[in-house]
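K.L.:
Each residue of the sequence shown is one higher than the last, beginning at 11 in this note's numbering.
Just passing along the structure, written as structure tokens.
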Amino acid sequence: MTGRWRAPRRLAAQALALQGLGLGLTLVAALVASHLQHRTRLADFNGHTRVLSISLQDHLQMAQRDLERLRDLHYRIDLGRDELEIAGEAILRESPWIRLFSWLPRVTQAQRNAFEEHRDGLDGQSIRQLDADGLVRPAARRAEHFPVADTVPASGLEALEGIDEGVDPVRAPALHQALASGRVIASPPFSSLSRTASEACASVLYAPVMERAWTLAEDYRPERTRGLVSATLDLGWMLQHVQAQAGIDGTEMLLLDPRQEAPVLVRLDDSRLVRAHSGDEAQALLAGMRSGPHSVQSLQLGGREWQLLARPGWAGRAWQPDALVLSVLACGLVFSALLGALLRSRQRRTAELQAAHDDLERLVAQRTAALEAGNRQLAAEVDERRRLEDDLRQASRQAHQASQAKTMFLANMSHEIRTPLNAVIGYTQILLEDRTLATPAQQRLQTILQAGQRLLRLINDVLDLSKIEAGGLQLHAAPFDLRQEIDEIARLFAERAGARGLTLDCRIDLDAHEPVRGDRTKIGQIVMNLLGNAVKFTEQGRIGLEVSREGDQVQIRVSDSGPGIAPEELAQLFAPFRQGRAGIDKGGTGLGLVLARHMATAMGGGLEISSPPGQGTQARLSLPLPRQAHEVAASPVPAGTLPGHERLDPATPVHAVVVEDDEHSRDILVHLLDRLGCRVETAHDGLQGLRLIGQTRPDIVFTDIRMPVLDGLRMLAQLHASAATLQHAVPPVVAVSASSLEHERRHYIEQGFSDFVGKPYAFDEIHRMLAQHAGARFIAASPDAAPEPEPEPGHAATPIPAPCPPAPAAALEADALALLETLRQAALDGQMRAVRHALDRIDAAALLPAATRERLRRAAQDYAFDDLARQVDALLRPGAASTAAQEPHTP
């Protein structure tokens, strides 16, 4: 029991002691807060006083500068009364604490009478002076006077005119000091109605004005002054303005000259009332302000040191606790009460804290378990993500391997197809040169040739698409004339459009010569594809071709008046091998637009197709083709006539070496070179070719790339190495290959080849190689005198057809013209039945020569509708009457 009662007593004693300690600390804190508040107020007061003194000093210096500005206006001129008034009023508007400006001329005794009588002087008034009592009386005779001649403002201050300030006991000392020193001098403060025409406390600034002949380069001499200008300052107004500008209230201020024996004080009390004090009243007021908290600041004006004495408004009031002290007391009392309550609740709070601590530990354990479960789940997700990434990488590698396999397959298949195709096309061209063959045989050979060429184009399209999908499409940028290219394409398609009864409207907004740098072949392929589609799918109306330049971009727009494209077909227009209904009806592979868009994108441009219902189709091609600074030279064209009808000029013999492992390809190329008149030697692989070239030194070498023993690339490298060692020139080496992915001209030229010819090759390409790299020239071959072959049963003997000559429309009958127009339209529409019907009618009427009819029928049998339309269009154009007339007519 004793222990149980002792604990409450100890707690009560502790609470009482703590409460007493709290009250004592509260009183101490209140005293400290009161002291700090007093010091803070005093520091604020001193800061405000410094701000007021600085502002007042600025106003005094401003008034002095205003007087100096007015003085400088008198430099070397006589300033008229009106001019003085204009200048002075401008300054007074800026500085309202300046009551007036005065002009005090120096008037000697000899000049006095004239000055008093002259209208520019006192105009009949006499010079007056103020005595010690402030009474006005006529001025006594003396050597010189300084009367007030003009004032600004002039109105209301007429009583001051004529007052001689040079003998005023208050202002004269400052006036004479200014004359003696040449500087601006201020008078002590004073308050006099007779001196300022007001009861305000004022001070006058004086500035001497030199005679007109004086210059700034001369020293100051008092006897050369011609007068003074003065400014009367209203000190009370200035104090009010400074205090209002600073926004400081509740401060009492005195402005005085401490050197003045009987000072005149300017007082501004805490209610902003201004009064002037002098004598004993001023002394008592000065002593009262210095007895309490105050601040003294020094000021400078016109050679005088003034003092600004300030006292805070709260200095004379009894001390009263403010909100801070009361707050400290209240907080101390509350703190003491709370301190006692704190001891009583300590044990209860300790128990509550222990319970909270136990709850917190339990919550931490739960959260830790949840976090561990989350980490396990996250680890499982990370493992799953890694597994998926591994699967994705594996799938990517498999896709890449499949793409490489497809590319390799296409390359090998292309090579394997092109090599026998080269034999088919080559031997067909050779057989077509044989004039002894019967016409049916030639027709069948022509069909084989066209079918082989069509198969070659299809292979090239598939390979181009494969290169695009594999990212291997290569561009061959070279300078060319864009205007020339567009003009040639436009002329070609103008004939095709005219053959179908369409109009081709061309608007080519380019210069006559438009040199650019780009892949001319691919640009022409895109434009021809767009125009070909427009001609192909437009039954009537017009085809539009617009070309313009917008900075470095060339815009090409192709439009037509056809039926347009359905929205569902337009969405899949650029998918490979996908065609709309019209494309299926007209025929094609569905690769043209796909290749065109990919090639445009590869060149940094774009291709867009739009087809509003019922408004035709519009294709917009945009290509970056900056204009080149230099003109582009035309590409050299090999000399000679049509392939198969020329031979080498004896003046330019050619010795050629053919290195080829394929027997048929080698035989075709050797036959062609031999027929042209070249001396030809052959090798079956690169090693034989290297030896043969070293022995014979040919003019040109044609070599395959893929060969046994030594391929074409290594043969070329060893040829260059041996030439460097033996110091002899390497002949031009032309690559001849059926490769699909490595046969690009730039690739082989970069390896050192002079040029490239792809398999199957056209004979005119071989002619161009001879002319360009071996310097060969060609002449027309003499016609063969071989006898005509025996005609087959049912066929008339006809000569081998030359390229279809145009027949004159004027030389044909009206029936022939109508049948030819029907045939052309049927060919443009792709209607085979209508084409055969028109040809049968032409054969039955024997309207054309037999050779011409055979050429038209052969084109129809090969489904070469574009070629058939061109031949008919040529027959309808004027200019070939004599040629058609020379052919024999065979019914």
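Glycine included, every Cβ here is placed at the ideal spot set by N, Cα and C.
If you follow the alpha helix (DSSP H) that Arg877 is part of, which residue opens it and which one closes it?
P.N.:
Before going on, a small fix: residue 877 reads as Asp here, not Arg. Run containing Asp877: 875–886, per the alpha helix (DSSP H) assignment.
K.L.:
Taking the DSSP output, what are the residues bridged to Val711?
P.N.:
Looking at the DSSP assignment, Val711 forms a beta bridge with Val667, Val743.
K.L.:
What residues in its chain sit with their C-beta under 6 Å from that of Arg49, if we drop five residues either side in the sequence?
P.N.:
The answer is none, since no qualifying residue turns up.
K.L.:
So for Ala120, helix, strand or coil by DSSP?
P.N.:
coil
K.L.:
For Thr2, report the span of its beta strand (DSSP E) as first-last.
P.N.:
Lying before the first or after the last residue shown, residue 2 is absent from the chain, which here runs from 11 to 901.
K.L.:
Indicate the three-state DSSP secondary structure (helix, strand or coil) for Met613 in the structure shown.
P.N.:
coil
K.L.:
Kindly identify the DSSP beta-bridge partner or partners of His155.
P.N.:
Val117
K.L.:
Buried or exposed for Gly34, please, with buried defined as at least 16 other CB atoms from any protein chain shown within 10 angstroms of its CB.
P.N.:
exposed
K.L.:
Look at the alpha carbon of Ala124 and the alpha carbon of Ala169, and state the distance between them as a whole number of angstroms.
P.N.:
Straight-line Cα distance between these residues: approximately 20 Å.
K.L.:
Considering just the uninterrupted stretch of the beta strand (DSSP E) at Val690, what are its terminal residues?
P.N.:
689–693
K.L.:
Tell me whether the beta-carbon of Arg676 lies closer than 7 Å to the beta-carbon of Val664.
P.N.:
No; because the gap between Cβ atoms is not below 7 Å, this pair is not in contact.
K.L.:
For the beta strand (DSSP E) containing Ser197, name the first residue and the last one.
P.N.:
Taken as a continuous stretch (DSSP letters only), Ser197 belongs to no beta strand (DSSP E), as it is neither H nor E.
K.L.:
Quick one: what's Trp316 bridged to in DSSP?
P.N.:
Leu309
K.L.:
Looking only at its chain, what residues have a beta carbon closer than 8 Å to the beta carbon of Asp160, apart from the 5 residues adjacent to it on each side?
P.N.:
Arg91, Leu94, Glu95, Ser112, Trp113, Glu171
K.L.:
By alpha-carbon positions, which one of Leu512, Phe788, Gln761 ends up nearest to Arg834?
P.N.:
Leu512
K.L.:
How do the segment 688–697 and the segment 732–745 stand: do at least 3 beta-carbon pairs fall below 8 Å, yes or no?
P.N.:
no
K.L.:
In whole angstroms, give me the CA-to-CA distance for Ala223 and Gly131.
P.N.:
22 Å
K.L.:
Among the candidates Arg181, Arg231, Thr225, Lys546, whose CA atom is the shortest distance from the CA of Ala190?
P.N.:
Arg231
K.L.:
Return the chain-ordered list of same chain residues with a C-beta closer than 8 Å to the C-beta of Thr531, the five sequence neighbours on each side being excluded.
P.N.:
His486
K.L.:
So, helix, strand or coil for Met538, using DSSP?
P.N.:
helix
K.L.:
Just how far apart, CA to CA, sit Gln250 and Phe55?
P.N.:
Rounded to the nearest whole angstrom, the C-alpha separation of Gln250 and Phe55 is 17 Å.
K.L.:
Between the C-alpha atoms of Gln270 and Tyr216, what's the straight-line distance to the nearest angstrom?
P.N.:
18 Å
K.L.:
Is Asp267 near Arg109, with beta carbons less than 7 Å apart?
P.N.:
no
K.L.:
Quick one: grab the DSSP three-state call for Pro525.
P.N.:
strand
K.L.:
Just to confirm the assignment, what range does the alpha helix (DSSP H) spanning Gly98 have?
P.N.:
Looking at the DSSP string, the run of the alpha helix (DSSP H) that includes Gly98 is 91–104.
K.L.:
Are there 16 or more other CB atoms within 10 angstroms of the CB of Ala639, so buried, or fewer, so exposed?
P.N.:
exposed
K.L.:
Determine the direct distance from the alpha carbon of Trp316 to that of Pro183, and round the result to whole angstroms.
P.N.:
Each residue's CA atom was taken as its position, placing Pro183 and Trp316 some 17 Å apart.
K.L.:
Rounded C-beta distance between Ile137 and Arg122? I'm assuming under 8 Å.
P.N.:
That belief holds up - the Cβ atoms of Ile137 and Arg122 are roughly 6 Å apart, short of 8 Å.
K.L.:
Phe763 by DSSP, collapsed to three states: which one?
P.N.:
Per DSSP, reduced to three states, the secondary structure at Phe763 is coil, with no helix or strand assignment.
K.L.:
What is the residue span of the beta strand (DSSP E) that Arg657 lies within?
P.N.:
656–658
K.L.:
Which partner residues of Glu556 appear in the DSSP bridge assignment?
P.N.:
Arg517, Arg567
K.L.:
Who are the near neighbours of Ala643 in its chain, counting only those whose CB is closer than 7 Å to its CB and skipping five residues on each side?
P.N.:
Bear in mind that the predicted position of Ala643 carries a pLDDT of just 49, short of 50, making it unreliable; the figure below should be weighed with that in mind. Contacts found: none.
K.L.:
List the endpoints of the continuous beta strand (DSSP E) containing Leu243.
P.N.:
235–244
K.L.:
Could you say which of Gly192, Asp497, Asp178, Ser240 lies nearest to Asp76 if we only look at CA atoms?
P.N.:
Ser240
K.L.:
Taking buried to mean at least 16 other C-beta atoms within 10 Å of its own C-beta, is Ser406 buried or exposed?
P.N.:
exposed
K.L.:
Where does Gly508 sit, in a helix, a strand or coil, going by DSSP?
P.N.:
helix
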